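Residues in the sequence shown are numbered consecutively from 320, following the numbering used here.
The structure under discussion appears below in the form of structure tokens.
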Amino acid sequence: MSETTHDATVAVSAPAAPDEGLTAKELAARHGLTVSGARPSLIEYVRQLWDRRHFILAFSRAKLTAQYSQAKLGQLWQVATPLLNAAVYFFIFGLLLEADRGMSREVYIPFLVTGVFVFTFTQSSVMAGVRAISGNLGLVRALHFPRASLPVSFALQQLQQLLFSMIVLFAVTIGFGHYPDLSWLLIVPVLVLQFCFNTGLALIMARAGAKTPDLAQLMPFVMRTWMYASGVMFSIPIFLADKPAWIANVLQWNPAAIYMDLMRFALIDDYGSEFLPDHVWAAAGAWAVLFALGGFVYFWKAEERYGRG
Numbered sequence: 320m321s322e323t324t325h326d327a328t329v330a331v332s333a334p335a336a337p338d339e340g341l342t343a344k345e346l347a348a349r350h351g352l353t354v355s356g357a358r359p360s361l362i363e364y365v366r367q368l369w370d371r372r373h374f375i376l377a378f379s380r381a382k383l384t385a386q387y388s389q390a391k392l393g394q395l396w397q398v399a400t401p402l403l404n405a406a407v408y409f410f411i412f413g414l415l416l417e418a419d420r421g422m423s424r425e426v427y428i429p430f431l432v433t434g435v436f437v438f439t440f441t442q443s444s445v446m447a448g449v450r451a452i453s454g455n456l457g458l459v460r461a462l463h464f465p466r467a468s469l470p471v472s473f474a475l476q477q478l479q480q481l482l483f484s485m486i487v488l489f490a491v492t493i494g495f496g497h498y499p500d501l502s503w504l505l506i507v508p509v510l511v512l513q514f515c516f517n518t519g520l521a522l523i524m525a526r527a528g529a530k531t532p533d534l535a536q537l538m539p540f541v542m543r544t545w546m547y548a549s550g551v552m553f554s555i556p557i558f559l560a561d562k563p564a565w566i567a568n569v570l571q572w573n574p575a576a577i578y579m580d581l582m583r584f585a586l587i588d589d590y591g592s593e594f595l596p597d598h599v600w601a602a603a604g605a606w607a608v609l610f611a612l613g614g615f616v617y618f619w620k621a622e623e624r625y626g627r628g
């Protein structure tokens with residue numbers, strides 16, 4: 320572009336910049352720029368998570384190994400901790416409070432140990448999920464990866480720990496006269512459904528804990544209340560037989576109670592279907608699908624906010 324000045328000379332002005340007048344969004348689109356750490360589509364996010372499956376498995380194993388690395392008994396605490404809890408609960412609830420009403424000692428002790436081990440699986444997954452993001456900010460801020468890898472790996476860690484504990488659970492069950500039969504095959508679908516439920520719950524708690532770190536201090540009280548309301552130490556239909564029926568129904572449809580009762584049904588000969596709520600397998604599947612899918616989507620929606628101050 321040129322123009323004539325007052326002395327008849329020609330001045331040449333610089334051409335307008337090609338980006339002049341464009342908004343930041345238009346500039347980014349013109350030059351192919353994208354937001355760093357932007358949330359991918361849900362399908363792409365699932366693909367990225369699958370690509371990191373080896374990392375998720377290795378991370379969960381490393382966390383499991385390191386969990387008791389400073390203790391002299393090491394990995395034995397994976398089994399000893401829930402077993403000691405069961406012994407304490409038996410002394411208080413079985414002997415002092417007689418919460419075993421309606422059940423023989425041969426049934427109540429495997430009933431109690433099963434409840435403690437199975438509920439501990441959910442409890443540990445929730446507590447690990449709360450700290451999954453807030454407790455690993457260095458990793459989150461240093462590397463680019465789907466953040467759901469962390470709560471999923473922590474839930475997987477708790478599953479591996481439960482599988483070690485199942486050895487003791489089998490020994491206790493057999494020791495009180497309940498021997499393996501075809502019903503023990505039900506253990507596999509119960510664990511799969513509970514793992515899906517726990518993973519979804521861990522994802523929900525991971526997002527909540529990332530925003531509110533103080534939630535980690537509150538959750539032990541919430542989990543303790545949930546444990547007492549789930550029939551870990553007592554049979555809900557027997558213990559609440561003299562109460563309005565709706566109370567027992569509400570407590571039995573609680574997902575923690577459902578997974579515990581299904582495991583008891585699989586392991587204990589005298590714990591029959593009369594102790595289970597109606598349509599219990601449908602309920603177990605519904606809780607697993609609802610929390611697994613809902614928790615995953617809920618966590619994914621905040622993907623680009625994790626680790627930012």
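C-beta atoms are modelled at their ideal positions from N, C-alpha and C, and glycine is treated no differently.
Predicted model, so just to flag it, every value in this text is computed and none were measured.
Any idea if residue i is buried or exposed, counting beta-carbon neighbours within 10 angstroms, 16 or more meaning buried?
{"i": "serine 497", "result": "Reading off the sequence shown, one finds histidine at residue 497, where the question assumed serine. The residue is buried, with at least 16 neighbouring Cβ atoms inside 10 Å."}
{"i": "tryptophan 606", "result": "buried"}
{"i": "leucine 504", "result": "exposed"}
{"i": "leucine 482", "result": "exposed"}
{"i": "isoleucine 523", "result": "buried"}
{"i": "phenylalanine 540", "result": "exposed"}
{"i": "leucine 352", "result": "Summary for leucine 352: the model assigns pLDDT 49, below 50, so the residue's position carries little reliability, and this model does not support an answer."}
{"i": "tyrosine 364", "result": "buried"}
{"i": "valine 407", "result": "exposed"}
Could you spell out where the alpha helix (DSSP H) holding residue i opens and where it closes?
{"i": "serine 472", "result": "468 to 494"}
{"i": "phenylalanine 615", "result": "599 to 619"}
{"i": "leucine 512", "result": "506 to 530"}
{"i": "tyrosine 590", "result": "Run containing tyrosine 590: none; DSSP gives neither H nor E here."}
{"i": "tyrosine 427", "result": "424 to 449"}
{"i": "glutamate 622", "result": "Here glutamate 622 belongs to no alpha helix (DSSP H), and DSSP marks it neither H nor E."}
{"i": "serine 360", "result": "It is not in any alpha helix (DSSP H) - serine 360 carries neither H nor E in the DSSP assignment."}
{"i": "phenylalanine 378", "result": "372 to 386"}
{"i": "arginine 543", "result": "534 to 548"}
{"i": "alanine 461", "result": "456 to 461"}
How many angstroms separate the CA atom of residue i from the CA atom of residue j?
{"i": "leucine 581", "j": "leucine 537", "result": "29 Å"}
{"i": "asparagine 573", "j": "proline 596", "result": "10 Å"}
{"i": "leucine 586", "j": "proline 499", "result": "8 Å"}
{"i": "tyrosine 625", "j": "arginine 372", "result": "20 Å"}
{"i": "histidine 598", "j": "tyrosine 578", "result": "13 Å"}
{"i": "glutamine 367", "j": "phenylalanine 615", "result": "14 Å"}
{"i": "phenylalanine 489", "j": "phenylalanine 495", "result": "10 Å"}
{"i": "arginine 450", "j": "proline 532", "result": "8 Å"}
{"i": "isoleucine 506", "j": "tyrosine 590", "result": "14 Å"}
{"i": "serine 443", "j": "methionine 542", "result": "10 Å"}
{"i": "isoleucine 555", "j": "threonine 439", "result": "18 Å"}
Select from the options the residue whose C-alpha is nearest the C-alpha of residue i.
{"i": "cysteine 515", "options": "Ala564, Arg424, Phe436, Gln477", "result": "Gln477"}
{"i": "leucine 570", "options": "Asp588, Leu510, Thr544, Arg372", "result": "Thr544"}
{"i": "valine 426", "options": "Trp565, Arg583, Phe610, Val608", "result": "Arg583"}
{"i": "alanine 381", "options": "Phe618, Gln479, Arg627, Phe540", "result": "Gln479"}
{"i": "threonine 433", "options": "Pro465, Phe374, Leu403", "result": "Leu403"}
{"i": "glutamate 623", "options": "Phe464, Asp561, Phe409", "result": "Phe464"}
Would you call the CB atoms of residue i and residue j closer than 7 Å?
{"i": "asparagine 517", "j": "alanine 567", "result": "no"}
{"i": "serine 484", "j": "valine 398", "result": "yes"}
{"i": "serine 632", "j": "phenylalanine 378", "result": "Because residue 632 is not part of the residues shown, which for the chain are 320 to 628, the question remains open."}
{"i": "alanine 527", "j": "leucine 520", "result": "no"}
{"i": "arginine 602", "j": "threonine 441", "result": "The sequence shown places alanine at residue 602, not arginine. Not a contact, by the Cβ cut-off of 7 Å."}
{"i": "proline 563", "j": "alanine 525", "result": "no"}
{"i": "proline 401", "j": "valine 435", "result": "yes"}
{"i": "leucine 431", "j": "alanine 461", "result": "no"}
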